[in-house]
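There are 2 protein chains.
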Amino acid sequence: MTSLKIGTVAKQAGVGIETIRYYEREGLIPSPPRRESGYREFPPSVVKRIKFIRHAKELGFSLAEIQELLSLRVDPDATQLQVREKTQAKIDEIEVKIHALERMKSTLHSLLDACQGDGPASVCPILDALD
Amino acid sequence: MTSLKIGTVAKQAGVGIETIRYYEREGLIPSPPRRESGYREFPPSVVKRIKFIRHAKELGFSLAEIQELLSLRVDPDATQLQVREKTQAKIDEIEVKIHALERMKSTLHSLLDACQGDGPASVCPILDALD
DNA sequence: ATAAACTCCGTACCCCACTACAGAGTCAAG
DNA sequence: CTTGACTCTGTAGTGGGGTACGGAGTTTAT
Numbered sequence: 749m750t751s752l753k754i755g756t757v758a759k760q761a762g763v764g765i766e767t768i769r770y771y772e773r774e775g776l777i778p779s780p781p782r783r784e785s786g787y788r789e790f791p792p793s794v795v796k797r798i799k800f801i802r803h804a805k806e807l808g809f810s811l812a813e814i815q816e817l818l819s820l821r822v823d824p825d826a827t828q829l830q831v832r833e834k835t836q837a838k839i840d841e842i843e844v845k846i847h848a849l850e851r852m853k854s855t856l857h858s859l860l861d862a863c864q865g866d867g868p869a870s871v872c873p874i875l876d877a878l879d
Numbered sequence: 749m750t751s752l753k754i755g756t757v758a759k760q761a762g763v764g765i766e767t768i769r770y771y772e773r774e775g776l777i778p779s780p781p782r783r784e785s786g787y788r789e790f791p792p793s794v795v796k797r798i799k800f801i802r803h804a805k806e807l808g809f810s811l812a813e814i815q816e817l818l819s820l821r822v823d824p825d826a827t828q829l830q831v832r833e834k835t836q837a838k839i840d841e842i843e844v845k846i847h848a849l850e851r852m853k854s855t856l857h858s859l860l861d862a863c864q865g866d867g868p869a870s871v872c873p874i875l876d877a878l879d
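Chains as they are written, first to last, in our numbering: chain A, 749 to 879; chain B, 749 to 879.
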């Protein structure tokens with residue numbers, strides 16, 4: 749049995765059943781085949797896909813943006829050139845995010861360094877650098 | 749005149765007026781003093797603060813998390829030790845995000861490398877690696 | 001001194017991304 | 001073959017994060 753029922757997928761991916769149906773409606777995962785009864789029969793690969801979606805969400809991508817990421821590979825009308833351009837654009841977006849996070853991180857490190865005593869925090873300097 | 753009216757702040761920070769009032773209600777920016785008329789008089793520093801909030805949002809932090817980031821410096825009951833611990837926790841969170849973004853980036857790079865022709869995209873391999 | 005632009009508050013509404021029913025049918029273990 | 005868990009569709013509700021009025025008062029440029 750190489751197909752999963754929705755509840756199993758939900759458990760493995762760590763989301764609720766309703767979320768899966770929602771992602772299907774929104775086109776973030778392909779509509780799986782159904783058995784006679786109407787039950788969905790998911791390929792095991794959908795679990796990874798859902799996990800990817802969750803990861804990307806954590807990183808501040810909207811579902812629409814995640815759509816774009818996912819569709820990089822499947823649009824049959826796109827030329828390879830177009831795919832490459834879109835991919836590069838996504839890479840650029842990601843790099844911007846990484847840099848912003850690194851700036852944020854180093855700001856927090858300054859706070860850490862500047863705050864080495866054990867007195868009240870009001871004495872603790874910095875973090876005006878947060879700007 | 750070292751104080752700004754809400755419309756000016758909005759323009760400089762690149763958000764709507766309503767958003768500023770909303771952030772004030774939610775405690776993300778301090779309530780500014782008012783003139784007789786009730787008009788808010790913002791210190792120019794609020795612009796940076798709002799920009800910081802927007803940046804952090806882009807990176808997938810919720811307003812509640814941003815609160816925590818911002819409050820690292822101002823809780824007068826916290827000891828320096830507590831501030832350091834919270835700060836370290838935020839740094840850890842940020843590092844997790846950075847790593848996830850870097851994985852995503854290198855996945856996209858593989859796609860780029862694997863997709864060097866100019867035929868239809870359906871021929872373009874990979875991106876099952878997106879998992 | 002007056003019109004245009006701005007601000008106030010409160011309330012209501014919006015979009016996104018779920019989440020929770022309700023009522024009916026299906027499946028699998030004992 | 002029953003019973004309890006699972007799934008179906010559809011619709012409605014929720015929480016986060018704003019956004020949009022409406023009606024009234026304030027500022028400011030001319």
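We put the CB at the ideal spot given by N, CA and C, even for glycine.
Lys799 of chain B versus B:Leu849, B:Arg769, B:Gln760 and B:Glu843, residue with shortest Cα-Cα distance: Nearest option by C-alpha distance: B:Gln760.
Closer than 8 Å to chain A by CB, Ile842 of chain B: yes
Test: Glu850 of chain A CB closer than 8 Å to a CB of chain B: Proximity of Glu850 of chain A to chain B, defined by a Cβ-Cβ separation below 8 Å, is satisfied.
Cβ pair count under 8 Å reaching 3, the stretch 783-791 of chain B against the stretch 824-839 of chain B: These segments do not touch.
DSSP state of Phe800 of chain B mapped onto helix, strand, coil: helix
Delimiting residues of the alpha helix (DSSP H) encompassing Leu849 of chain A: Gln828 to Ala862
Validate contact between the stretch 842-849 of chain B and the stretch 800-815 of chain A using beta carbons, cut 8 Å, 3 pairs: Three or more beta-carbon pairs separated by less than 8 Å link the stretch 842-849 of chain B to the stretch 800-815 of chain A, which places the two stretches in contact.
Cβ shell of Tyr770 of chain A (< 8 Å), same chain only, five flanking positions each side left out: none
Per DSSP, the bridge partner or partners of Arg788 of chain B: B:Arg782
Residues near Val763 of chain A in its chain [Cβ-Cβ closer than 8 Å; skip 5 each side]: Ile798 and Arg802
Helix, strand or coil at Pro873 of chain B according to DSSP, with G and I counted as helix: With a pLDDT of only 46 at Pro873 of chain B, under the threshold of 50, the placement of this residue in the model should not be trusted, and no figure is reported.
Under 9 Å by beta carbon: chain A residues contacting Glu806 of chain B: Gly808, Val844, Lys845 and Ala848
Cβ shell of Lys838 of chain B (< 8 Å), same chain only, five flanking positions each side left out: Glu816, Leu817 and Leu820
Residues near Leu875 of chain B by beta carbon distance below 6 Å, same chain, minus five either side: Annotation note: pLDDT 44 at Leu875 of chain B (below 50); position unreliable, coordinate value reported separately. Within the same chain, Leu875 of chain B has close Cβ partners Leu859.
Inter-residue Cα distance where the pair is Ala758 of chain B and His857 of chain B: Straight across, the Cα-Cα distance linking Ala758 of chain B with His857 of chain B is about 38 Å.
Exposure label - Ile814 of chain B; buried when at least 16 CB within 10 Å: buried
Helix, strand or coil at Leu889 of chain A according to DSSP, with G and I counted as helix: With chain A covering 749 to 879 only, the question about residue 889 of chain A has no answer from this structure.
Integer-rounded CB distance, given that Ile768 of chain B should sit under 8 Å from Ile754 of chain B: 6 Å
Minimum Cβ-Cβ distance from Arg832 of chain B to chain A less than 8 Å: yes
Three-state class that DSSP yields for Leu820 of chain A in the structure shown: coil
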